[in-house]
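A quick write-up on the structure given underneath.
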Amino acid sequence: MSTTQTEMAPAAPTTEPEIPQLTYNIAQTIDEKRDALRLVADTIAQQRQVASTNIIFHPAVLGPFVALLAGLVYRGRNDWVGAMILISGVIVAYLASIQYYTYNYLQRAESFNWKAFITPSTGNPEQQDIVMYARYGDNVIATLVLRLEKAKNSSKTASRQPGDGSNAQIRAWATRLRYRNAGIGGDMLREAVTLARDSLGSAVAINFSNPHAHTIDTMQPFTAPFRRREVRAEKALAQAIKNADAVAQ
Numbered sequence: 000m001s002t003t004q005t006e007m008a009p010a011a012p013t014t015e016p017e018i019p020q021l022t023y024n025i026a027q028t029i030d031e032k033r034d035a036l037r038l039v040a041d042t043i044a045q046q047r048q049v050a051s052t053n054i055i056f057h058p059a060v061l062g063p064f065v066a067l068l069a070g071l072v073y074r075g076r077n078d079w080v081g082a083m084i085l086i087s088g089v090i091v092a093y094l095a096s097i098q099y100y101t102y103n104y105l106q107r108a109e110s111f112n113w114k115a116f117i118t119p120s121t122g123n124p125e126q127q128d129i130v131m132y133a134r135y136g137d138n139v140i141a142t143l144v145l146r147l148e149k150a151k152n153s154s155k156t157a158s159r160q161p162g163d164g165s166n167a168q169i170r171a172w173a174t175r176l177r178y179r180n181a182g183i184g185g186d187m188l189r190e191a192v193t194l195a196r197d198s199l200g201s202a203v204a205i206n207f208s209n210p211h212a213h214t215i216d217t218m219q220p221f222t223a224p225f226r227r228r229e230v231r232a233e234k235a236l237a238q239a240i241k242n243a244d245a246v247a248q
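Below, the structure is given as structure tokens:
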């Protein structure tokens, strides 16, 4: 009785897909600044979707609209085909009016001029704002624009701390939609706090500028989601400053 041994070919090595690297950078070139600030323009346009959704489901609007539809259904109960055509037209008009009402968000995004935005009123390109961004692989997923303003009276005395009277303004803070609530925005704030203190001193005042890139007049109706976003942003900045203080101690 003979036996035959068959040699198995070695298994091909498995190649796992390379995980993209997450990096935090300061934009140096025109291309880097343009790519980073394109995300700011995109997030300005996305505000339209937030506003539209808020209006559609706002009780002050949705309640009367549902009542109107119910009345049309009741009146057309003997002619369902005609009633459905009429109801469809009313729904289309309702959604179209909301899109028209929120069109200014899209206009703001389309008219966003990134060069003018980061250049102070002096017009000196050398005094442009600092553009910080987070890159995941080949994609920019977060952007922060920081303006540093030194104190007018920079003379150092024994009673003044470094940076006293200086100001650091965050003029834009944006994270790509799919990467939100992952801590990346908070990392950007902490990086900005560290950079501001390294540049101007530990006593520099750090805050969001008013207005900033995403400013919405919250006194207008249907802006509650944006008021809540402003509150969350202020809390996130306060936490970033608190974390920086803890590291410095």
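Under numbering that gives the first Met the number 0, residues 0 to 248 are what the sequence shown spells out, in order.
Note that the Cβ used here is the ideal one computed from N, Cα and C, for glycine as well.
query, result
"Please report the straight-line C-alpha distance between Leu199 and Lys149, rounded to a whole angstrom.", "7 Å"
"With burial defined as no fewer than 16 other Cβ atoms inside 10 Å of the residue's Cβ, what is the status of Val65: buried or exposed?", "exposed"
"Between the C-alpha atoms of Arg37 and Thr28, what's the straight-line distance to the nearest angstrom?", "14 Å"
"Where Lys241 and Ala195 are concerned, what is the direct C-alpha to C-alpha distance, given to the nearest angstrom?", "14 Å"
"Taking just the CA atoms, how far does Pro224 sit from Val230?", "10 Å"
"Are the CB atoms of Ala202 and Ala167 within a distance shorter than 9 Å?", "no"
"Helix, strand or coil: which one does DSSP assign to Ile205?", "strand"
"Taking 6 Å as the limit between beta carbons, can you name the residues of its chain near Ser1, skipping five residues before and five after?", "The pLDDT assigned to Ser1 is 44, lower than 50, so where the model puts this residue is not dependable, and the model offers no usable value."
"Would you call the region 81–88 and the region 58–72 touching, i.e. three or more CB-CB distances under 8 Å?", "yes"
"CA-CA distance, Thr52 and Val39?", "21 Å"
"Give the straight-line distance between the Cα atoms of Ile251 and Asn77, rounded to the nearest whole angstrom.", "In the structure as shown, the chain begins at 0 and stops at 248. Residue 251 is therefore absent and cannot be evaluated."
"Pop quiz: Ala50 and Phe221 are said to be a contact at Cβ under 8 Å. What is the actual Cβ separation, rounded to whole angstroms?", "6 Å"
"Taking the alpha-carbon of Tyr99 as reference, which of Ile86, Leu61, Ala35 and Ile54 has the nearest alpha-carbon?", "Ile54"
"Which of the three DSSP states is assigned to Val230 in this structure?", "helix"
"What is the DSSP secondary structure of Thr22, reduced to helix, strand or coil?", "strand"
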